[in-house]
Structure formats: structure tokens, C-alpha cells
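A short write-up of the structure that comes next.
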Amino acid sequence: MTVSSTTSSPPTTTRNADAEASSSRAAALSSSAAASSSALVESIRAEERAKLEQEIAESSRAAALSEAEQQNVPQGFVAPAPEPTRAPAPAAVPAPAQSASYGNCTAVWNAIGSPIYQGQPGYGSHLDRDGDGVGCEKDPR
1 MTVSSTTSSP
11 PTTTRNADAE
21 ASSSRAAALS
31 SSAAASSSAL
41 VESIRAEERA
51 KLEQEIAESS
61 RAAALSEAEQ
71 QNVPQGFVAP
81 APEPTRAPAP
91 AAVPAPAQSA
101 SYGNCTAVWN
111 AIGSPIYQGQ
121 PGYGSHLDRD
131 GDGVGCEKDP
141 R
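Residue numbers (the UniProt record's numbering): 1 to 141.
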């Protein structure tokens, strides 16, 4: 009897099926690797985006604080306006010396040009007829 040896070599369809299965597994692995890689890239991008947004928010807060501090800082000391100075009082008419003594009203009027009042140097009761404190009320000249 003759026995054919068909079992020693696998049929062609099985080889093709194995090749296709291994090819599809490789493709699946490749697409799963690509999907994993894509997911990894997206994850990294999301993290970078979050960091960037956080940095922007922090710099905005820092700028707002800096601006607020500048507005609250006093701009400088302003000295109050100086008190207005008063003009010096006009010089008083020099009074005759304490030792002044007038013998009559003509001498008073010639010396000071006006009546003489009680308390002024040279006043005497002999110059005040009515005793009201004002001597030589009328100009005798």
C-alpha cells in the first residue's frame, strides 16, 4: 500500500491563514501601539496645556497685584503751604524822650503836632485844663 505523506507538509491554506493571522496580529499590535502612542502624545499635550494655562493665570495675578501695589503706594510727601507772613507793623511815631517837659501848649503842638494824652512823656496837669486826660486839645498857634 502506498501511503501518501500529506501530513508532513502543512496545507497551503493553513500557511496563508497563519501568515494572515500573524500579519493581522502585527497590524493590531501596530495600531494598538499607534493608539497608545497617540494617547500618550495627547496626554502630554494636555499636561503642557494645563501648565501653560496655570502660568498665564499666575502671571495675570502677579500683574494685578503689582498694579494694585503701585496704586496704593503714596506718591510722595507734599509739604503744607507755608503760613502767610504778615507785613511788619508800621513804625510807631517816635515819642519824645521821657525827660520831655513842655511849658505850654504851643511847645506841645510844635513838638508833636497834636494834643498830648495822659501817659505820654511830657504830659502834665498844667496842660490839661478840664482834667479829662487830654492836654492842649486846641491848637494855640
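Backbone N, C-alpha and C define an ideal beta-carbon position, used for all residues, glycine too.
| Check | Outcome |
| --- | --- |
| Through-space distance from Gln118 to Ala111, alpha-carbon basis | 16 Å |
| Three or more C-beta pairs below 8 Å linking the segment 102 to 116 and the segment 78 to 85 | no |
| According to DSSP, residues forming a beta bridge with Tyr117 | Val134 |
| Whole-angstrom distance between Asn104 and Gly133, CA atom to CA atom | 16 Å |
| Asn110, DSSP secondary structure in three states | helix |
| Three-state secondary structure (DSSP) of Arg141 | coil |
| Reduced DSSP category for Ser59 - H, G, I as helix; E, B as strand; rest coil | helix |
| Under 9 Å between C-beta atoms of Gly135 and Tyr123 | yes |
| Beta carbon of Arg141 nearer than 9 Å to that of Thr106 | yes |
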